[in-house]
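Protein chains in written order, with the working numbering: chain S, 1 to 286; chain E, 1001 to 1554.
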Amino acid sequence: MSAAADIAAPRAGFFSRLGAAPRVALIVLALIVLVTALSPWLATHDPKAMDATARLQGMSAAHPLGTDNFGRDLYSRVLIGGRVSLVIGVSAAIVSVLIGLAIGMVAGFFRTADGIIMRVMDALMAIPAILLAIALVALNGPSIGSVIAAITIPEIPRVVRLVRSVVLSAREEPYVEAAIALGSSMPKVLTRHLVPNTLAPLIVQGTYILASAILTEAILSFLGAGVSTETPTWGNIMAEGRMFFRLKPELILWPGLVLSACILSVNLLGDAARDMLDPRLKKRTG
Amino acid sequence: MHRETDYSGQPEVLAIRGLTVRVEGAPAAAPPILDSIDLTIRRGETLCLVGESGSGKSVTSLATMGLLPAGLKVTGGSIKLEGEELLTKSHGEMRALRAARVAMVFQEPMTALNPVLRVGDQILEVLELHGRGGAGAREKARDLLDQVHLPNIDRIMRSYPHELSGGQRQRIMIAMALILDPALLIADEPTTALDVTTQKQILSLIDELKHKHGTAVLFITHDMGVVAEIADTVQVMRHGKLVEAGSIRQILRAPTQGYTRDLLTAVPSLTPRHARCVEDGREGAPLAVENLGKVYGARGWFARGEGVAAARNVSFRLGAGRTLGIVGESGSGKSTVARCVMRLIDPTSGRIMLDKADIAQLSRAQLRPHRKAIQVVFQDPYRSLNPRWTVAESLIEGPVNYGTPRAEALAEARRLLGVVGLPEDAMERYPHMFSGGQRQRIAIARAVAMKPDVLVADEAVSALDVSVQAQVLDLLDDLQKRLGIAILFITHDLRVAAQICDDVMVMQKGEVVEYGPATDVLAAPKHAYTRALIDAAPGRGWDFQNFREMAASA
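Set out below in structure tokens:
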């Protein structure tokens, strides 16, 4: 009976079934995405244009959030920087989920591959994610692509473990065995019967990766191992601003505030998705 | 076990009058979950509450314990325990009452015991919670464990639940239930998860302790055989209503209600059917297994020693249009054999001849053309269909795999739904919209859609109510007559085996102990284990279909 609701419900009124906090999160996130997507038109200045006469200014009509130590417009930099941060976060989430899904499927379904794959994943997990990311960026040079790769690779083992555990329990389901008996090929069993089982946990895991990737990008930039300061991101705007923190804390405050709001919203939505996709939790709440 | 004891002189222990339970917030017109149930149990009496799933028998017991799940509410009637009204009691009062005056034994002892505590401590905890801890507690616990006939009590008290067998765990549950000498013991399907031989022991244990302690027993079961073994009085329930009540003899000999008669006639007889004439002359057998063996854990990097043999030297032949039953208790290796034959697991040794080709050692790719010829129906109808697929998608999966055009497969699927007795509009519906029996019909249709030579039915009717079970067995029989399919029927239930099988193979601990025509094996068993199994079949003293006791029981 409840299974009926599980299948039909997510399409019917997603927004109306959200709690108050996730609703606010959804609105905030939508605003951030919209504004950063439209940043080329919303920005008032070229984010790279320096102006030696207007260094470290406060808020004014010309510079809504003031300027940094090179006289660049902070408002424009935060807007444009959000684009790169979000692109990095979303790409890292998608790529790590896709790669992790593929590897996890193989590990979960083929017993012979399982041992080797999981030991490699254990080894990857044993290296601290930030150190691994710094090493990878150092190896490939600081481009957006290498930053995405550097953030993605440490996330993959977590996805693999998740997918593998779902596949391990789902492959014992009689309907999967029946499909094998019906002569369905391995790829078909995997994609048609097993992948759908992994979607719910993966959506949730994806939102966590998205949030942590934006954060990791900021950390890498902050440490000077991220995207070069030519391209503004929330991380490197803050990294540059830290030298003038005592003089002008807004340089860190504004990008930091947007970054926090973004990550908080994504995490709240992830939690809401988890509750909504977990039939047991749903039964309890109504 | 035909008691003639009259309990009418004994004091009433539990008296339920007009008990009505409704779903909270449901419209007044909706039928209640329980509709004015009356029930009386006297001291020393065992009352069996019988019914199929959804009949409300468990709700009755939970209401008595004050443990109704959230969303259900008692809206009328009274429940009196030794003259004391229970419905008006607070949660705290009910908590003090439970275990002390009403105790309960559940179906699954593994989940009812705490897996991380030693069982001895769990028993002592019951005493402590009710203020009877201290010096005498350990002695009291040992005494009870002795009464439930557990050997080596010191070792048992130090064990964790997983170190004990299902039967031992259920004995511990019974000891825990009786340790405070409750007036009423509620047993909710306490033997359903156990093997027949263990079930027999547990039933006689409950009976013995009831006599010793004078406890009133409310015994909930779906199994008429068990009823015949243990009941003094019987109440039959259906859709939350009481259908019929009476002494065990009245109910079994002269049921007045149609539903009670249906329930009784649906119990498969233990008398085996006669094997159909053998047509082995034509083309030999579609399935022949020779010296099949499956060893777990012998290979691998860290494996030590021999591994565990789940099946050893299993050989049989299954002719077209015939049914072979593999019978055994849990751990006998019967499912291992079925899964090896299906090649869902790889056998360690032996040959599996499917239409004259040995499929025992074929690779996945090599197996594909042979898969068509052998299909399976599983036990659990709730898990054997992909919940995300419509029935139509499930039904055409196999034929489409083997190149049947989609439209043709759909037309065939529609026809098959008719054959298994489901309406055509079932095609576009999802599995959760069907009952267990209907889903099992869909699973059978899915298997038959492949036009297999062999159908493996792995406990295919074990999860179903008796009346549904009978219908599904009829369907299998009918399909077999029409299509000449050979059926390999895996079951733990001798009654079912007797009804459907031409040949029977009895397995124990991975080995075949007896194999032959059903009439020989079940009517004149040669092996001691087969005899023990038949002896343990509940209700074997009764001929349920004809409402009488067995003539001279063998």
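Every residue, glycine too, gets a C-beta built ideally from N, C-alpha and C.
Using only alpha-carbon positions, find the residue among S:81, S:200, S:73, S:22 that is nearest to residue 258 of chain S.
Taking the first residue of the first sequence as position 1, residue 258 of chain S is located at position 258. Comparing Cα-Cα distances from residue 258 of chain S to each of S:81, S:200, S:73, S:22, the minimum goes to S:81.
Under 8 Å between C-beta atoms of residue 1381 of chain E and residue 1310 of chain E
Start at 1 with the first residue of the second sequence, and residue 1381 of chain E comes out as number 381. Start at 1 with the first residue of the second sequence, and residue 1310 of chain E comes out as number 310. The answer is no: Cβ separation not under 8 Å.
Please report the straight-line C-alpha distance between residue 1486 of chain E and residue 1502 of chain E, rounded to a whole angstrom.
Taking the first residue of the second sequence as 1, we reach residue 1486 of chain E at position 486. Taking the first residue of the second sequence as 1, we reach residue 1502 of chain E at position 502. Each residue's Cα considered, the two are about 11 Å apart.
Quick one, which residues of the region 1368-1384 of chain E are near chain S if we go by CB-CB under 7 Å, in chain order?
Against chain S - using a Cβ distance shorter than 7 Å - the residues of the region 1368-1384 of chain E are 1368, 1371, 1372, 1375, 1376, 1378, 1380, 1383, 1384.
If you reduce the DSSP assignment to three classes, tell me which class residue 1490 of chain E lands in.
Translated into positions along the second sequence, residue 1490 of chain E becomes position 490. In this structure, residue 1490 of chain E counts as strand in the three-state DSSP scheme.
So is residue 174 of chain S in contact with chain E if we call contact Cβ pairs under 8 Å?
Your numbering for residue 174 of chain S matches position 174 in the first sequence. Under the Cβ criterion of 8 Å, residue 174 of chain S is counted among the residues facing chain E.
Residue 943 of chain E (DSSP reduced to helix, strand or coil):
In this structure chain E extends from 1001 to 1554, so residue 943 of chain E is not present and cannot be described.
With distances taken Cα to Cα, identify the nearest neighbour of residue 1287 of chain E among E:1352, E:1225, E:1329.
Within the second sequence, numbered from 1, the residue matching residue 1287 of chain E stands at position 287. It is E:1352.
Members of the region 1391-1403 of chain E that neighbour chain S once the beta carbon cut-off is set at 7 Å:
The region 1391-1403 of chain E vs chain S, Cβ under 7 Å: 1397, 1398, 1401, 1402.
Would residue 1218 of chain E pass as a contact of residue 1041 of chain E if the rule is Cβ separation under 8 Å?
Numbered from 1 along the second sequence, position 218 holds the residue referred to as residue 1218 of chain E. Numbered from 1 along the second sequence, position 41 holds the residue referred to as residue 1041 of chain E. Going by C-beta atoms, residue 1218 of chain E is nearer than 8 Å to residue 1041 of chain E.
Taking buried to mean at least 16 other C-beta atoms within 10 Å of its own C-beta, is residue 273 of chain S buried or exposed?
Start at 1 with the first residue of the first sequence, and residue 273 of chain S comes out as number 273. Around the Cβ of residue 273 of chain S, a 10 Å sphere holds 16 or more other Cβ atoms; the residue is buried.
With distances taken from CA atoms, which of E:1473, E:1483, E:1254 is nearest residue 1491 of chain E?
Position 491 of the second sequence, counting from 1, holds the residue named residue 1491 of chain E. Comparing Cα-Cα distances from residue 1491 of chain E to each of E:1473, E:1483, E:1254, the minimum goes to E:1473.
Name, going along the chain, the residues of the region 174-198 of chain S whose beta-carbon falls closer than 9 Å to a beta-carbon of chain E.
Within the region 174-198 of chain S, the qualifying residues are 174, 175, 176, 177, 178, 179, 180, 181, 182, 183, 184, 185, 186, 188, 192, 193, 196, 197.
Relative to the alpha-carbon of residue 56 of chain S, which residue among S:251, S:98, S:276, S:263 has its alpha-carbon at the smallest distance?
If you number the first sequence from 1, residue 56 of chain S lands on position 56. Ranking S:251, S:98, S:276, S:263 by Cα distance to residue 56 of chain S puts S:251 first.
Which residue wins for smallest C-alpha separation from residue 107 of chain S, given the options S:96, S:121, S:35, S:202?
Position 107 of the first sequence, counting from 1, holds the residue named residue 107 of chain S. Considering only alpha carbons, the answer is S:121.
Tell me the DSSP bridge mates of residue 1374 of chain E?
Taking the second sequence and counting its residues from 1, the one referred to as residue 1374 of chain E is at position 374. Answer is E:1454, bridged to residue 1374 of chain E.
Inter-residue CB distance, residue 1537 of chain E and residue 1196 of chain E (contact presumed, cutoff 8 Å):
Here residue 1537 of chain E refers to the residue found at position 537 of the second sequence. Here residue 1196 of chain E refers to the residue found at position 196 of the second sequence. Right, their Cβ atoms sit about 6 Å apart.
Grab the span of the alpha helix (DSSP H) containing residue 202 of chain S for me, first residue to last.
Locating residue 202 of chain S in the first sequence gives position 202, counting from the first residue. Going by DSSP, residue 202 of chain S is part of the alpha helix (DSSP H) stretching over 195-222.
When DSSP labels each residue in this structure, what does residue 244 of chain S get in the three-state scheme?
The residue given as residue 244 of chain S occupies position 244 in the first sequence. Correct three-state label for residue 244 of chain S: helix.
Interface residues of chain S around residue 1344 of chain E at Cβ under 9 Å?
Looking up residue 1344 of chain E in the second sequence gives position 344. Going along chain S in sequence order, the residues near residue 1344 of chain E (Cβ under 9 Å) are 177, 180, 181.
Status (buried if at least 16 other CB within 10 Å, exposed otherwise) for residue 1199 of chain E:
Here the question's residue 1199 of chain E lines up with position 199 in the second sequence. Residue 1199 of chain E comes out buried.
Given a limit of 9 Å on CB to CB distance, which residues of the region 1428-1450 of chain E reach chain S?
Under the 9 Å Cβ criterion, the region 1428-1450 of chain E contributes 1430, 1431, 1432, 1433, 1443, 1446, 1447, 1449, 1450.
What's the C-alpha gap between residue 202 of chain S and residue 163 of chain S?
Within the first sequence, residue 202 of chain S is the residue found at index 202, counting from 1. Within the first sequence, residue 163 of chain S is the residue found at index 163, counting from 1. The straight-line gap separating the alpha-carbon atoms of residue 202 of chain S and residue 163 of chain S is approximately 8 Å.
Could you give the distance in angstroms between the alpha-carbon of residue 1402 of chain E and the alpha-carbon of residue 1434 of chain E?
Sequence index remark: in the second sequence, residue 1402 of chain E carries index 402 (1-based). Sequence index remark: in the second sequence, residue 1434 of chain E carries index 434 (1-based). Distance from the CA of residue 1402 of chain E to the CA of residue 1434 of chain E, rounded to the nearest whole angstrom, comes to 28 Å.
Take residue 1049 of chain E as the anchor and find which of E:1390, E:1226, E:1466 has the nearest alpha-carbon.
The count along the second sequence starts at 1 and reaches residue 1049 of chain E at position 49. Of the candidates E:1390, E:1226, E:1466, the one whose C-alpha sits nearest the C-alpha of residue 1049 of chain E is E:1226.
Is there contact between the region 1096-1108 of chain E and the region 1173-1188 of chain E, where contact requires at least three CB pairs shorter than 8 Å?
Yes: at least three Cβ pairs fall under 8 Å.
Cβ-based burial, residue 254 of chain S [other Cβ within 10 Å; buried from 16]
Counting from one through the first sequence, the residue named residue 254 of chain S turns up at place 254. In the assembly as shown, residue 254 of chain S is a buried residue. Its beta-carbon has 16 or more other beta-carbons within 10 Å.
According to DSSP, residues forming a beta bridge with residue 67 of chain S
Walking along the first sequence from the start, residue 67 of chain S turns up at place 67. BP columns for residue 67 of chain S point to S:73.
Using only CA atoms, which one of E:1070, E:1409, E:1425 lies nearest to residue 1450 of chain E?
Locating residue 1450 of chain E in the second sequence gives position 450, where the first residue counts as 1. Between residue 1450 of chain E and the set E:1070, E:1409, E:1425, the nearest pair of CA atoms involves E:1409.
Can the beta-carbon of residue 1488 of chain E be found closer than 8 Å to that of residue 1318 of chain E?
Translated into the one-based positions of the second sequence, residue 1488 of chain E becomes position 488. Translated into the one-based positions of the second sequence, residue 1318 of chain E becomes position 318. Yes, the pair counts as a contact, with Cβ atoms nearer than the cut-off.
6 Å Cβ shell around residue 1047 of chain E - same chain, five flanking residues per side excluded
Taking the first residue of the second sequence as 1, we reach residue 1047 of chain E at position 47. Only 1041, 1218, 1233 meet the Cβ criterion.
Compare the C-beta of residue 1197 of chain E with all C-beta atoms of chain A and state if any pair is closer than 8 Å.
In the structure shown, chain A does not exist; the protein chains are S and E.
Under the DSSP definition of a beta bridge, which residues are partnered with residue 1078 of chain E?
Here residue 1078 of chain E refers to the residue found at position 78 when the second sequence is read from its first residue. Residue 1078 of chain E pairs with E:1017.
Here's the rule: buried if 16 or more other CB atoms are within 10 angstroms of the residue's CB, otherwise exposed. What is residue 1583 of chain E?
Nothing in the structure corresponds to residue 1583 of chain E, since chain E is present only between 1001 and 1554.
Taking 8 Å as the cut-off, decide whether the C-beta atoms of residue 1510 of chain E and residue 1333 of chain E are in contact.
Here the question's residue 1510 of chain E lines up with position 510 in the second sequence. Here the question's residue 1333 of chain E lines up with position 333 in the second sequence. Residue 1333 of chain E sits close to residue 1510 of chain E, with the two beta carbons spaced by under 8 Å.
Three-state class that DSSP yields for residue 1369 of chain E in the structure shown:
For the purposes of this step, residue 1369 of chain E is identified with residue 369 of the second sequence, where counting begins at 1. In this structure, residue 1369 of chain E counts as helix in the three-state DSSP scheme.
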